[in-house]
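Here's the structure, in structure tokens; my notes come after.
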Amino acid sequence: MKRLWILFKTEFNVWKHDPITALGGVIPCLFILIAFALLFGGRLSFKIAVVNDDQGEYGQVLVDTFEEVISPLDQAPYYAVQKMDEVQAWQAFEEYRIEGIWVIPEDFSARIEAGDQPEIDMYFMNYNDDRAKNHRIYSAEVLWQFYQTIGQPTPPLSRAETYPLPEMVDWVSIISVGIVLLSVTLGSIFNMFILTYKAQIGKVTLEFGLSPRSLGWVLLPKTVLALLFGLVTGTIFLVIIRVWLGFWPSGYLWAVWVLAGLTAIFWTQVALALGLVARNYMSGAVGSILGAMIIFFIGGGLSMVRANEESVTWVAWLFPNTYAVDPVRDLVLFNTWPLDFWQVLITLLAFASVAVLIGSTFSVRKLRRLG
Amino acid sequence: MKRYLLLLLNEFRLSRTALIVHTIAVLQPTLMYVLMAVMMVVPTFDMRIVQPETELENDLVIAMEEVGSPIGSNYINPILTTQANPEHKQVIEIVHIDGVPTALQSYGFIDSNLVKNLRNRLTAALLVLWNRELGSQAVLVDEHPWLPQDVPYTVYFGMAMIPLAAYLAAAMIGGYLMAQEFEHGTILEYRLCPTSDSLLLAAKITRLLLTGLAAAAILYITLGAITGVWASSAPAVFVILLPLTLIAACIGILAGLLTRSSLPSFLVGLASAFVFWLVGSGFGLAAGFSPIFERISRLIPNTPIIEMLFPYFYFGREVAPNPTAAKLQLAGYCLVLLVMLAIVYRQRVTSMQR
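If you read the protein sequences in the order shown, they are chains A and B. All residue numbers for the first sequence refer to the working numbering, where the first residue is 1 and numbers rise by one. All residue numbers for the second sequence refer to the working numbering, where the first residue is 372 and numbers rise by one.
Take a look at the structure:
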């Protein structure tokens, strides 16, 4: 135990010479969070123009309806009607400064009153099918409200919905928890890297290779220290989220640490093994960091895995982050105990155990052979 | 010229010292694109609905199947279930609230974006039923899309990743190799070298430009192979990418010169590449997001680059609000960074400890 403590302190002293690596798990993640907050955190209403040629009153009622139909995404109307004349509107649409134009013909009201198939023309952007889809289904929301406002007969089926919380969790918050896990992952990788890199450039690896004792004594403090730093960076990121978005796991913090910690152990071993395969720790670190970034994007970083399980690629299931991210969201965002906590815990334990077994066996062999 | 070519050749030979870093930096965006293309947002959503028992409930299921694009895919794939439990997503059940037949959609622990998508789809299906009942009283929406077909999101996503590929390779490799010169002590050779700074830097930058464009070419070919969409002029795509790749090369080398350590310079390359990609229209054209986002996005070099690439992938349609200003902006960035690079190189290499 004393030997372990001495090695642990030595590793810590090594780290103290390059403390900037502690930021490796925070800085890129903070930039990514800011980028996503800018992207999806602002008002996302579609900017459109309305050309209202209607001679009656219903055209204006329709225009007023745009402001009344509110999206749950950002609590703002789906459409933001821009004030511009017809010429400006067409020019803006052609140059993609607005998303679309609704043209209400002059006989719109007359046809509504006569029940003679009123029509409107919807010009809209479809450079990607997701935006085209939004135009089509947003228009349904507008018409639904319009029918109610003008007093059409009631629909054959009304609509209602229930949400399990008093307030809806927004998309940026979902992404932010994905980034917390990325932060723990990157924090561990960076620090594992710097500890092994220092050993390499200090030529201590030769002494390791010649050591008569088990190299587990060398690898254990590195792994523990890298894990702790990963958890510290992740916790710093959680505090950032608390201040910025208002979410905090409260009494579940320990459970977040357990799930994130097991995920981090997996990645420390990946960083260690890749560094040794490449015989160049930097290459290993670059590979594992970019690998972790890819896993963030494909393994539920941007949306909930459970709700989109069918579209998660099989590659993502080979990494623990994909399993851990939704239970961590339950704990941080919904402050609820994940129903699949124990199942996920066992899965993550399996990932961590296999990673430690393969990673340490491989690293010990490499160190013994290469010195 | 001969000296320049020899220096350029030497720069390429240096890649042997960091083969894995080169491989990763060049291939990572393509790998990410291939993996993300599989799970990319698709318009068709599975929506669970409790097994219909009445004619009205059956009509709703049929209406759900009708919601979609006339020139693209359907938006709802109804999944019949016996459980009225939303589980991790949602479920629709027909209930009577105050005697009114109602489609009640219950959500699990999901976010507002998913709620929006599910709510809109249900409304669209219910509107089909309502319109049917209204008959000639229903308002007909005559659709006029901007392009003749709804283009899959994977096309835009891939096109917007091409600048990321060029940037990441140039910035990361530039920073890493420059920092290595300090770490390995080979910077002394540059300090003692009788060749001018500009020639040395020109060779370094040219090599990074070619590497960045090679990374972009790999992604471009992958995008074409996956989606079947090719730019109307491939050479134009690579000409457009040149200023961004130059900017990336300058930022990378600057990071290496300023930090003199491979890890922080790698961090600078990585963070700037991903932030520029995300904020620089990586997920959609800047004009389609909030005004604040658009203003910030226009400061990022990726945005004008993507707007210039756009017509080559989208039937010649222009989206750049001011092409001349965008070109001047990119030229300004390149010029400022080249001047900065020359100054920092002189300070860190030529003037120091000669």
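Think of the CB as a built atom: it goes at the ideal place given N, C-alpha and C, for glycine as much as any other residue.
Only residues of its own chain outside the window of five on either side were considered, and among them V51, D121 have a CB closer than 6 Å to the CB of A:V103, listed in chain order. Within chain A, the residues whose beta carbon sits less than 7 Å from that of B:M410 are I298, S311, V312, T313, listed in sequence order. Listed along the chain, the chain B residues whose CB falls inside 9 Å of the CB of A:M84 amount to none; the nearest CB is some 14 Å away.
Non-local beta-carbon contacts of B:P675 in its own chain, meaning distances under 8 Å to residues more than five positions away in sequence, involve R669, A691, A697, K698, Q700, L701 in chain order. By the CB criterion at 7 Å, B:A550 and B:S636 fall inside the cutoff. The residue among B:N488, B:L539, B:P682, B:A605 with its C-alpha nearest the C-alpha of B:Y446 is B:N488. Contact between B:R492 and B:M543 does not hold, since the beta-carbon distance rounds to 41 Å and is not under 8 Å.
Distance between A:V356 and A:V328, taken at the CA atoms: about 23 Å. Residues of chain A with a Cβ closer than 9 Å to the Cβ of B:S440 are, in chain order, N126, D129, A132, K133, R136. Within the stretch 136-161 of chain A, the residues whose Cβ lies closer than 9 Å to some Cβ of chain B are R136, I137, Y138, S139, A140, E141, L143, W144, F146, Y147, Q152, P153, T154, P155, P156, L157, S158, R159, A160, E161, listed in chain order.
Between B:L625 and A:A140, the CB-CB gap reaches or exceeds 7 Å.
Under the three-state reduction of DSSP output, A:S311 falls in the helix class. Counting only Cβ-Cβ distances below 8 Å, B:I663 has contacts in chain A at L38, G42, in chain order. Remark: C-beta atoms of A:F247 and A:L333 approach each other more closely than 7 Å. Under the 10 Å beta carbon count, A:W254 is surrounded by fewer than 16 other beta carbons and is classified as exposed. When beta bridges are read from the DSSP output, B:L475 appears opposite A:A160, B:E464.
When A:Y252, A:L219, A:L318 are compared, the shortest CA-CA separation from A:S363 is found for A:L219.
B:R387 counts as exposed, since fewer than 16 other beta carbons sit within 10 angstroms of its beta carbon. Chain order gives the chain B residues near A:Y123 as E514, H515, P516, W517, where near means a beta carbon separation below 9 Å.
For the stretch 58-72 of chain A, the residues whose beta carbon sits under 8 Å from a beta carbon of chain B are, in order, S71, P72. Contact between A:M304 and B:S483 is ruled out by a C-beta separation of about 12 Å, above the 8 Å threshold. Within 10 angstroms of the beta-carbon of A:V81 lie 16 or more other beta-carbons, which makes it buried. Residue pairing for A:Y79: DSSP places it in a beta bridge opposite A:F46. Excluding its 5 nearest sequence neighbours in each direction, A:A292 has C-beta neighbours in its own chain below 7 Å: L182, T185, L186, I189, W267, listed in chain order. Comparing C-alpha distances from A:Q269 to each of A:W171, A:R159, A:P320 shows the shortest one belongs to A:P320. Membership of B:N448 in the beta strand (DSSP E) is indicated by the continuous run 447-452. For A:G100, the three-state secondary structure derived from DSSP is strand. Nearest C-alpha to A:T235 among A:I6, A:L30, A:R3: A:L30. Using a C-beta cut-off of 8 Å, the stretch 428-444 of chain B makes no contact with the stretch 570-579 of chain B, since fewer than three inter-stretch Cβ pairs fall below that distance. Not a single CB atom of chain A sits nearer than 7 Å to the CB of B:E464.
Contact residues of the stretch 484-498 of chain B toward chain A are N484, L485, V486, K487, N488, L489, R490, N491, R492, L493, T494, A495, A496, L497, L498 (C-beta to C-beta distance below 9 Å). At least one CB of chain B lies nearer than 7 Å to the CB of A:P118. Within chain B, the residues whose beta carbon sits less than 7 Å from that of A:Y96 are L656, A658, V690, listed in sequence order.
Around the beta carbon of A:I358, fewer than 16 other beta carbons sit within 10 angstroms, so the residue counts as exposed.
When the Cα atoms are used, A:L210 and A:L274 turn out to be separated by approximately 22 Å. For A:E11, there are no neighbours in chain B by C-beta distance under 8 Å, as the nearest C-beta there is about 17 Å away.
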